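Asker: The opening residue of the sequence shown carries number 211 in my numbering; numbering runs sequentially from there.
Idealized CB from N, CA, C, for every residue including glycine.
Predicted model only: the values in this text are computed from it and were never measured.
The following block contains the structure, expressed as structure tokens.
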Amino acid sequence: MCEKLNERLHTNLSPTDFKASHVSLIIDSQLLDIQQIALSLSIFLLILIVVGVLSLSYEIGVLRYLGYNACSTTIHLIGPQIFWGNLAALTLGLFLLRMNYPQLIWPALIAVIIILLLEALFAYIVIYITYQLPVSRILVKRTFSKRTFLCLYVFKGILLSLILVTMLPLGDVAYQSFKLSATRERSALKDYAVFFPTSIGYNQRALVDPQQTSEIDQKMIYPKIEQTGGLFIDTSAVGQPIAMQYQQVSVNENYLKFNPIYTVKGEHFKSPQNWSGPIVLLPQQNSKLKRAIDTYFVKDLRLEKPLTVLIKNNQQLINESGQKLKTFAYIHVFTKEAAQEPRNIFTGDAKDPLKVALHGATANQVYKQYLPLLTKYNLTDNYPQLVRASDIDYHVLQQTLGNITAGIVTIITGSIAFLLLTISTAYLYFSIFGRTFAIKQTLGMSMLKSSHTFWLLWLTIAGLSAIALLVLGNGFNPPAFALFIMAIIADFLISFASVTVFSKRAIKGHLYD
């Protein structure tokens, strides 16, 4: 670069005159979507306060009988929990900030104080609402508490549906990864690689003169790849809404060694040494296309008349993706002496027709063999790496995983909130219906019959979540079905464990009433 600038601008520059510009540190908040996490946790915190107040409705009623007002009740019942909870969070936060961002200590302290006051205000509002009800209704925990519990359980179902819908992309990635891991080693192209990904890079020649770049690829890079056993297989024309004489499968001579083709005589076809023009391998059932194919090569492609060889019908090919192909019009073979070079190569995707032979080596080892040639034509940034052809879909899947990683923290946060909400609803259920449950248990009823209301709600919410996933997730594909089953099993186990624990507490508490 220095030499070119000195030559053109008549300067005397040296490599030390070029200094890399300083790139400032940018904190990428996309991965940790702070605003969404904060909103989710805030909503859950408000719900937790509601659950806490309702679970203390009996104590609230007792304090009302003793003459406490709403403010005094809030300070007496909820105040200590809010204070100690925020104090613990503040202590941990200040410890972390002191090590990393000491300048944020005072803003954090002010923020915690504001949050504490807002929590206390919200708790006071909820308690004040309960003060508007008759004391007898609060003490026996009837209509008001039941309706609140029902609303809370519905919210739990909505949260479950949202978590499942959010997890669908991640579940699909896991499912596709499982499928790929089972097929990668069986791929017919596992000993071949492609340049992936490809880009224009720093060399802008591709924008200014794309024809020149294409000629370098075809006349300089491709011959080297072909000499070392590289394959060319292009099936892009097959199945297109065009005439049959245009629906060719293009291959090079190396492909005929990789995927042998047999003539009508049962012989393995090999390109004749004294022929330098194009070759057409025509299935016997398509022999009537010979004249149209000759016209296409001579008049449209401006090539010489191809050598046509009849081959057996229904022979199987391996396409550029490593999949089997049986239906095609004919095969066009590029010979080494042919005037026409293969087109549509270096596409940089899973269907790149050009495959680089690895011969048992790793893709990185083979790439180093081509590195001097790529450096000579300034193509190292255009073709930065070789990737095993059987691994292309896996690399694409990794890119997809990177796109959905930003939602993982939100999913984890929502899952934790759902876990705590499931436990809270079970606790609230026995706080409201504990007396009825204890009476039924003393009468000899089973735990399932004694808590049938809770499980009926559970089944209803599970059904509604399935419908929501079916509608919002565009059907029950395997990943969606697996996610739903795992979520329902997890919810059932958590609910069952919570019911078991809180039911014993309810029986002990109400046996003394």
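Using only the alpha-carbon positions, how far apart do Leu-666 and Thr-652 sit?
Answerer: Within the sequence shown, residue 666 is the residue found at index 456, counting from 1. Within the sequence shown, residue 652 is the residue found at index 442, counting from 1. The alpha-carbon atoms of Leu-666 and Thr-652 are separated by roughly 22 Å.
Asker: Look at the alpha carbon of Pro-317 and the alpha carbon of Tyr-311, and state the distance between them as a whole number of angstroms.
Answerer: Taking the first residue of the sequence shown as 1, we reach residue 317 at position 107. Taking the first residue of the sequence shown as 1, we reach residue 311 at position 101. One C-alpha to the other measures close to 11 Å.
Asker: Going by beta-carbon coordinates alone, are Leu-568 and Ala-697 separated by less than 9 Å?
Answerer: Counted from its first residue, the sequence shown places residue 568 at position 358. Counted from its first residue, the sequence shown places residue 697 at position 487. In this structure, Ala-697 does not lie closer than 9 Å to Leu-568 by Cβ.
Asker: Tell me whether Leu-485 is buried or exposed, calling it buried when 16 or more other Cβ atoms sit within 10 Å of its Cβ.
Answerer: Counting from one through the sequence shown, the residue named residue 485 turns up at place 275. The displayed chain sequence assigns Trp, not Leu, to residue 485. So Trp-485 ends up on the exposed side.
Asker: Any chance the region 656 to 663 sits against the region 675 to 683, with 3 or more Cβ pairs inside 8 Å?
Answerer: Touching, no.
Asker: Thinking just about the alpha-carbon of each residue, which of Thr-670, Ser-708, Val-709, Ile-622 is nearest to the one in Ile-373?
Answerer: To locate residue 373, count along the sequence shown from 1; it is residue 163. With distances taken between Cα atoms, Ile-373 lies closest to Ile-622.
Asker: Just list the residues that DSSP pairs Val-404 with in beta bridges.
Answerer: As a position in the sequence shown, residue 404 is number 194, starting the count at 1. Val-597, per the DSSP bridge assignment.
Asker: Among Leu-564, Thr-635, Tyr-587, Ala-398, which has the Cα closest to the Cα of Gly-439?
Answerer: Counted from its first residue, the sequence shown places residue 439 at position 229. Comparing Cα-Cα distances from Gly-439 to each of Leu-564, Thr-635, Tyr-587, Ala-398, the minimum goes to Leu-564.
Asker: On the criterion of 16 or more Cβ atoms from any shown chain inside 10 Å, does Leu-466 qualify as buried, or is it exposed?
Answerer: Locating residue 466 in the sequence shown gives position 256, counting from the first residue. The residue in question, Leu-466, is buried, as its Cβ has 16 or more Cβ neighbours within 10 Å.
Asker: Please confirm whether Val-519 and Phe-468 have their CB atoms less than 9 Å apart.
Answerer: As a first step, residue 519 is located in the sequence shown; it is residue number 309 there, counting from the start. As a first step, residue 468 is located in the sequence shown; it is residue number 258 there, counting from the start. No.
Asker: Alpha carbon to alpha carbon, what distance is there between Ser-600 and Ser-224?
Answerer: For the purposes of this step, residue 224 is taken as residue 14 along the sequence shown, with counting starting at 1. For the purposes of this step, residue 600 is taken as residue 390 along the sequence shown, with counting starting at 1. One C-alpha to the other measures close to 45 Å.
Asker: Where does Lys-534 fall in DSSP's three states?
Answerer: Counting from 1 along the sequence shown, the entry for residue 534 is found at position 324. DSSP places Lys-534 in strand when its eight states are reduced to three.
Asker: Suppose the cutoff is 8 Å on Cβ atoms and the five residues either side in sequence are ignored; what does the same chain contact list for Met-430 look like?
Answerer: Against the sequence shown, residue 430 aligns to sequence position 220. Here the set comprises Leu-583, Tyr-587.
Asker: Could you pull out every residue in the same chain whose Cβ sits closer than 6 Å to the Cβ of Gln-455, ignoring the five residues on either side in sequence?
Answerer: Indexing the sequence shown from 1 puts residue 455 at position 245. Hits under 6 Å: Leu-499, Ala-502, Ile-503, Tyr-506.
Asker: How many angstroms separate the CA atom of Gly-570 from the CA atom of Leu-399?
Answerer: Locating residue 570 in the sequence shown gives position 360, where the first residue counts as 1. Locating residue 399 in the sequence shown gives position 189, where the first residue counts as 1. Spanning the two alpha carbons is a distance of roughly 12 Å.
Asker: Hey, quick one: how far does the alpha helix (DSSP H) through Lys-561 stretch, first residue to last?
Answerer: Reading the sequence shown from its first residue, position 351 is the one you call residue 561. Unbroken run through Lys-561: none, as it is neither H nor E.
Asker: Do you know how far the Cα of Asn-687 is from the Cα of Ile-426?
Answerer: Here residue 426 refers to the residue found at position 216 of the sequence shown. Here residue 687 refers to the residue found at position 477 of the sequence shown. Roughly 46 Å between the two C-alpha positions.
Asker: Who are Ile-460's beta bridge partners in DSSP?
Answerer: Taking the sequence shown and counting its residues from 1, the one referred to as residue 460 is at position 250. Sequence inspection shows Ser at residue 460; the Ile mentioned does not correspond to that position. DSSP, once it has assigned bridges, lists Asp-444, His-542 as partnering Ser-460.
Asker: Taking just the CA atoms, how far does Gln-291 sit from Ser-634?
Answerer: Taking the sequence shown and counting its residues from 1, the one referred to as residue 634 is at position 424. Taking the sequence shown and counting its residues from 1, the one referred to as residue 291 is at position 81. Approximately 16 Å, taken between the alpha carbons.
Asker: What are the boundary residues of the alpha helix (DSSP H) that includes Leu-302?
Answerer: The residue labelled residue 302 in the question sits at position 92 within the sequence shown. Its alpha helix (DSSP H) spans residues 289 to 310.
Asker: Alpha carbon to alpha carbon, what distance is there between Leu-513 and Gln-428?
Answerer: Residue numbering aside, residue 428 sits at position 218 when the sequence shown is read from its first letter. Residue numbering aside, residue 513 sits at position 303 when the sequence shown is read from its first letter. So the two alpha carbons sit approximately 17 Å from each other.
Asker: Since Ala-567 sits in a beta bridge, which residues does DSSP pair it with?
Answerer: Stepping through the sequence shown from its first residue, residue 567 is reached at position 357. Ala-567 is bridged to Tyr-402.
Asker: Looking only at DSSP bridge pairs, what is Val-490 linked to?
Answerer: Here residue 490 refers to the residue found at position 280 of the sequence shown. Val-490 is bridged to Thr-518, His-542.
Asker: To the nearest angstrom, how far is it from the Cα of Ala-648 to the Cα of Ala-280?
Answerer: Numbered from its first residue, the sequence shown carries residue 648 at position 438. Numbered from its first residue, the sequence shown carries residue 280 at position 70. Their backbone Cα atoms lie some 31 Å apart in a straight line.
Asker: Who are the near neighbours of Asn-296 in its chain, counting only those whose CB is closer than 7 Å to its CB and skipping five residues on each side?
Answerer: Here residue 296 corresponds to residue number 86 of the sequence shown, with the count starting at 1. Once the five neighbours on either side are set aside, the close Cβ partners of Asn-296 are Val-322, Ile-325, Leu-326.
Asker: Assuming Pro-516 and Ile-489 form a contact by the criterion Cβ under 8 Å, report the distance between their Cβ atoms to the nearest whole angstrom.
Answerer: Residue 516 sits at position 306 when you count from the first residue of the sequence shown. Residue 489 sits at position 279 when you count from the first residue of the sequence shown. Between Ile-489 and Pro-516 the Cβ distance is about 6 Å, and since that is below 8 Å, they are a contact.
Asker: Would you identify the three-state DSSP class for Ile-236, choosing helix, strand or coil?
Answerer: As a position in the sequence shown, residue 236 is number 26, starting the count at 1. Caution is warranted here: a pLDDT of 42 is assigned to Ile-236, below 50, making its placement in the model unreliable, and the coordinate value is therefore given only provisionally. It is coil, neither helix nor strand.
Asker: Residues in the same chain with beta-carbon distance under 6 Å from Asp-562, minus the five sequence neighbours each way, listed in chain order, please.
Answerer: In the sequence shown, counting from the first residue as 1, residue 562 sits at position 352. Hits under 6 Å: Val-404.
Asker: Taking the alpha helix (DSSP H) that Lys-578 belongs to, which residues open and close that run?
Answerer: Position 368 of the sequence shown holds residue 578. That run of the alpha helix (DSSP H) goes 573 to 586.
Asker: Roughly how many whole angstroms lie between the Cα atoms of Asn-529 and Tyr-472?
Answerer: Position 319 of the sequence shown, counted from the first residue, corresponds to residue 529. Position 262 of the sequence shown, counted from the first residue, corresponds to residue 472. Spanning the two alpha carbons is a distance of roughly 17 Å.
Asker: Once DSSP output is grouped into helix, strand and coil, what is the label at Thr-473?
Answerer: Indexing the sequence shown from 1 puts residue 473 at position 263. Correct three-state label for Thr-473: strand.
Asker: Give the secondary structure of Leu-674 by DSSP, where H, G and I count as helix, E and B as strand, and everything else as coil.
Answerer: The count along the sequence shown starts at 1 and reaches residue 674 at position 464. Of the three classes helix, strand and coil, the one that applies to Leu-674 here is helix, per DSSP.
Asker: So, helix, strand or coil for Leu-527, using DSSP?
Answerer: The residue labelled residue 527 in the question sits at position 317 within the sequence shown. The answer is strand: DSSP assigns Leu-527 an E or B state.
Asker: Measuring only the C-alpha atoms, how far is Ser-282 from Ile-288?
Answerer: The count along the sequence shown starts at 1 and reaches residue 282 at position 72. The count along the sequence shown starts at 1 and reaches residue 288 at position 78. Computed Cα separation, rounded: 10 Å.
Asker: Closer than 7 Å by C-beta to Phe-664: which residues in its own chain qualify, once you throw out the five before and the five after it? Chain order, please.
Answerer: Here the question's residue 664 lines up with position 454 in the sequence shown. Cβ within range, chain order: Tyr-639, Val-709.
Asker: What does the Cβ neighbour count give for Val-461, buried or exposed, with the cut at 16 atoms within 10 Å?
Answerer: As a first step, residue 461 must be located in the sequence shown, where it is residue number 251. Buried, since its Cβ has 16 or more Cβ neighbours within 10 Å.
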